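In what follows, a single structure is set out as structure tokens and then discussed.
Chains as they are written, first to last, in this note's numbering: chain H, 1 to 115; chain P, 116 to 228.
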């Protein structure tokens, strides 16, 4: 079963606009990661945020994490056509769940940036 | 460093056959994970190998198996293929075991007819 769920499932914006995607998860985590996937290709790691961090930046990306609400958001500022891709959040199961940690991915948000 | 490579990139098989997919991780990475991606189920974890040992396994039937060699290269095998096994199979490597940043290969697109 999916640990993280992204919202919205699909998002269409114009170049230059900001894109915000949200991820909610169910159980405690050690870290949360965001990945990008261009159509039919492998995933590319974007950013990792640890459970004791609240915000992280990388270039035009800003990720926030609210562990009390079990949610994270990914903001892409000044979007470009090249940002068109699917974006996934991934969470680890956390040591409290027992067993060893592994990444569990959501179903993704499909972002389309129109030129 | 060269990225994660997967072979073959595309594969067409018939129901009942078996298939072996290969993954070469980034040099120095000892952890290799496999995922199945389908439109309906999304990305699902198959298994992870670290230093030739299966460290973690997802909820897939025993028809799905894997192994890792001493050079960290990994193979996964699917026996008695079913139509539902048609998917993009992704391999990812990491320098550490578990839920750390993973580097993905381009995937193998398997079509079962």
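Virtual Cβ for every residue (Gly too), placed ideally from N, Cα, C. Quick caveat, the model's predicted, so the values are computed rather than measured.
Problem - residue 57/H - containing beta strand (DSSP E), residue span - result: 55–58
Handout entry: Contact list for residue 221/P against chain H, beta-carbon separation under 7 Å
Key = 41 and 42
Exercise for the section: Might you give, ordered along the chain, the residues of its own chain that have their beta carbon closer than 6 Å to the beta carbon of residue 180/P, omitting 5 neighbours on each side? Expected result: 192
Problem - Residue from 172/P, 138/P, 197/P and 127/P whose Cα sits closest to the Cα of residue 208/P - result: 138/P
Exercise for the section: Could you work out which residue in 69/H, 73/H and 68/H is closest to residue 55/H when comparing CA atoms only? Expected result: 73/H
Practice task
Could you work out which residue in 185/P, 127/P, 184/P and 200/P is closest to residue 175/P when comparing CA atoms only?
Solution key: 200/P
Exercise for the section: Please state if the CB of residue 204/P and the CB of residue 141/P are separated by a distance shorter than 9 Å. Expected result: no
Handout entry: Positions along the region 152–172 of chain P whose CB lies within less than 7 Å of some CB in chain H
Key = 157, 158, 160, 163, 170 and 171
Practice task
Taking only beta-carbon positions, decide if residue 207/P is within less than 9 Å of chain H.
Solution key: yes
Handout entry: Chain-ordered chain H contacts of residue 218/P [CB-CB under 8 Å]
Key = 45
Handout entry: Given residue 116/P as reference, the closest of 134/P, 133/P and 144/P once Cα atoms are compared
Key = 144/P
Exercise for the section: Say whether the region 17–36 of chain H touches the region 117–131 of chain P, bearing in mind that this needs 3 or more beta-carbon pairs closer than 8 Å, one atom from each stretch. Expected result: no
Exercise for the section: Would you identify the three-state DSSP class for residue 212/P, choosing helix, strand or coil? Expected result: coil
Problem - Helix, strand or coil at residue 78/H according to DSSP, with G and I counted as helix - result: coil
Handout entry: Minimum Cβ-Cβ distance from residue 25/H to chain P less than 9 Å
Key = no
Exercise for the section: Excluding the 5 residues preceding and the 5 following residue 17/H in the sequence, name in chain order all residues of the same chain whose CB lies nearer than 7 Å to its CB. Expected result: 79
Practice task
Taking only the alpha-carbon atoms, compute the straight-line gap between residue 223/P and residue 87/H and give it to the nearest angstrom.
Solution key: 20 Å
Problem - The beta strand (DSSP E) enclosing residue 13/H, as first and last residue numbers - result: 10–14
Practice task
Would you kindly report the start and end of the unbroken beta strand (DSSP E) that includes residue 5/H?
Solution key: 4–7
Problem - Three-state secondary structure (DSSP) of residue 222/P - result: coil
Problem - Cβ neighbours of residue 122/P in the same chain (closer than 7 Å, five flanking residues each side left out) - result: 137
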